[in-house]
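Visitor:
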Amino acid sequence: MIMKSKSYLKIRGGNKLYGDIKISGSKNAALPIICASLLTDEPVILENIPNISDIQNLLDILRIAGCSINNFDDKIEIKKPIKLNSFLKHNSVSKLRASILLAAPLAVRTGYVELALPGGCQIGARPFDEHLKGFLKLGIKSQVNEDSLVCSLNGLKGATYTFGAVSVTGTENIIMAAVLAKGQTVINNAAKEPEIVDLVCFLRKMGAIISGEGTDRITIEGVLRLSGCSYCVSSDRIELGSYMAIVAAAGGEVNFLNANSHQSNIVINKLVEMGCVIEDNGSSIKMSVDSNIKPVSLSTEVYPGFPTDLQAQFMALNATLGGESLIVENIYENRFHHAEELRKMGASINIEERSAKIVGGELKGAVVFASDLRAAAALVVAAVSTSDETTINNLHYLDRGYENFVEKMKLVGLEIERV
Ligand code: EPZ
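The following block contains the structure:
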């Protein structure tokens, strides 16, 4: 159960936004990289790790596993104990989906791991059968109990595994299981997300031998051991896309600093199709929005297709713009909870199975409730489009993935208070 936070946001939109927004480190790259740091007994130093609750929760779990975490000038150092504690049936483990990424490193390092079942946003069934099938091929046997996942090592040998469903954390888990296995592992139908490339770059710095990251076929040559290293995590493409949708809904001109455009091509192309003007200046992106941008239709796909993690934010954006659009959610079977809250603000959204038909127009302020991390961002997109006041509850969802959200929004002129 995720802790309920009593705090909420009060937003009064209607004015254009101007200034700079600094993009933080990627949540979905930092989470697997922190887990992968357990694959060596040497210290690891990580930079550009966002200060968000998912990260704090995962670091708390590492502390329970016996690690010591030191924070110093915007870096974290992770030191491992002589013997890792791999009995982790704590409720902090079930606060986040990414805790499933502890399975491979702890099984490989200790031979046995007992994890509380992973949690995460309620956007679908979120099985992890592919993880366990891949583990079995490599010699890690698993048992799913009512409240825990048990994985035990039975000799770790390289193998070929073909994913039935493309899975981001599944691919990450199998890579982490394979880097210290005897011999070669080939992963077919691997996920191609940039967060996997980031994990592989980190593992390579530790001495892993991996090729093919970013394609659907990844090859790993097992090595005897991995060493410590220091690594800077890439910037967060989903945070960037979320803020771009907010600026598109409000209008104005904003510079996104530490932004990495080549991981966001399809999102930027959609914004340009809407009529936004976007200038890529290397490590920053300038976006200018006037009042006559149009809604766009889109379908979510695995990378490099349109990210499912920006579906809610773009549904909200389309709802604020005159005209019709269609959104199809192909990744999760249940990721439209935000539509109900947007309807409270006057949005016209008609859902049939995985398709949402939006007829955009003027929205009004309302008291709304975030249902998951990206839905929280979507409600902000809607709120900035109206000069009415909107109250957004369940801020713990926003806190999971958006560092210094209120400060960043205030800096570009949004009237926003956390109460
Ligand atoms: C990662 O989740 C991200 N989380 C999610 O971001 C993101 O939405 C998702 O990838 C898709 O891009 C992290 O990286 C921590 P999947 P993950 O396994 O790995 C099916 C956010 O907002 N599937 O790629 O859990 C599954 O049902 C979060 O930051 C299986 O069938 O997602 C789903 O339909 C939300 N069996 C599809 O694959 C499996 O064993 C994608 O799931 C695994 C997955």
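With my numbering applied, the sequence shown has no gaps in its numbers, which climb one by one up to 419 at the end.
C-beta atoms are modelled at their ideal positions from N, C-alpha and C, and glycine is treated no differently.
In this text the structure is predicted, and so the values were computed from the model without any measurement.
Go through its chain and collect everything with a Cβ distance to Glu324's Cβ below 8 angstroms, but skip five positions before and after it.
Guide: Cβ neighbours of Glu324 beyond the five flanking positions: Pro295, Lys357, Ile358, Val359, Gly360.
Visitor: Assign Ile196 to one of three DSSP states: helix, strand, or coil.
Guide: DSSP places Ile196 in helix when its eight states are reduced to three.
Visitor: Tell me whether Tyr112 is buried or exposed, calling it buried when 16 or more other Cβ atoms sit within 10 Å of its Cβ.
Guide: The residue in question, Tyr112, is exposed, as its Cβ has fewer than 16 Cβ neighbours within 10 Å.
Visitor: Would you kindly check if the distance between the Cβ of Asn57 and the Cβ of Ala30 is under 9 angstroms?
Guide: The answer is no: Cβ separation not under 9 angstroms.
Visitor: State the DSSP-derived secondary structure class of Glu130, mapped to helix, strand or coil.
Guide: Helix, per DSSP.
Visitor: Over the uninterrupted beta strand (DSSP E) stretch that includes Thr160, give me the two end residues.
Guide: Per DSSP, Thr160 belongs to the beta strand (DSSP E) from 160-162.
Visitor: Straight-line CA distance for Ile2 to Lys89?
Guide: With a pLDDT of only 41 at Ile2, under 50, the local geometry of the prediction cannot be trusted, and the value read off the model is given with reservation. Cα to Cα, the separation comes out at about 16 angstroms.
Visitor: Taking only three categories from DSSP, how would you classify Met287?
Guide: If DSSP states are grouped into helix, strand and coil, Met287 belongs with the strands.
Visitor: Assuming Leu149 is part of the beta strand (DSSP E), what are its boundary residues?
Guide: Run containing Leu149: 148-153, per the beta strand (DSSP E) assignment.
Visitor: DSSP three-state call for Arg335: helix, strand or coil?
Guide: Coil, per DSSP.
Visitor: Skipping 5 residues on each side, what residues in its chain have a beta carbon closer than 7 angstroms to that of Pro43?
Guide: Result list for Pro43: Glu77, Ile78, Lys79, Gly228, in chain order.
Visitor: What are the start and end residues of each continuous beta strand (DSSP E) run of 3 or more residues lying completely inside the stretch 1-81, in chain order?
Guide: Runs of the beta strand (DSSP E) inside the stretch 1-81: 9-12, 17-22, 44-47, 68-72, 75-79.
Visitor: As an exercise, report each continuous alpha helix (DSSP H) stretch of at least 4 residues that is fully enclosed by the stretch 304-382, in chain order.
Guide: Listed in chain order, they are 311-319, 338-344.
Visitor: For Ile55, I'd like the list of residues in its chain whose CB is within less than 8 angstroms of its CB, leaving aside the five on either flank, ordered along the chain.
Guide: Excluding sequence neighbours, Ile55 sits near Lys27, Ala30, Leu31, Ile34, Ile49.
Visitor: Between which two residues does the beta strand (DSSP E) carrying Ala116 extend?
Guide: Its beta strand (DSSP E) spans residues 112-116.
Visitor: Of all the alpha helix (DSSP H) runs that stay within the bounds of the stretch 177-263, which reach a length of 4 or more residues?
Guide: Listed in chain order, the complete alpha helix (DSSP H) runs (minimum 4 residues) inside the stretch 177-263 are 194-205, 237-250.
Visitor: On the three-state DSSP scale, how would you describe Ile293?
Guide: Coil, per DSSP.
Visitor: Are there any heavy atoms of the ligand EPZ lying less than 8 angstroms away from the beta-carbon of Ala125, as far as the coordinates show?
Guide: Yes; taking the cut-off as 8 angstroms, the Cβ of Ala125 has a heavy atom of the ligand EPZ nearer than that.
Visitor: Let me know the secondary structure DSSP gives Asp388 once reduced to three states.
Guide: Residue state, collapsed to three classes: coil.
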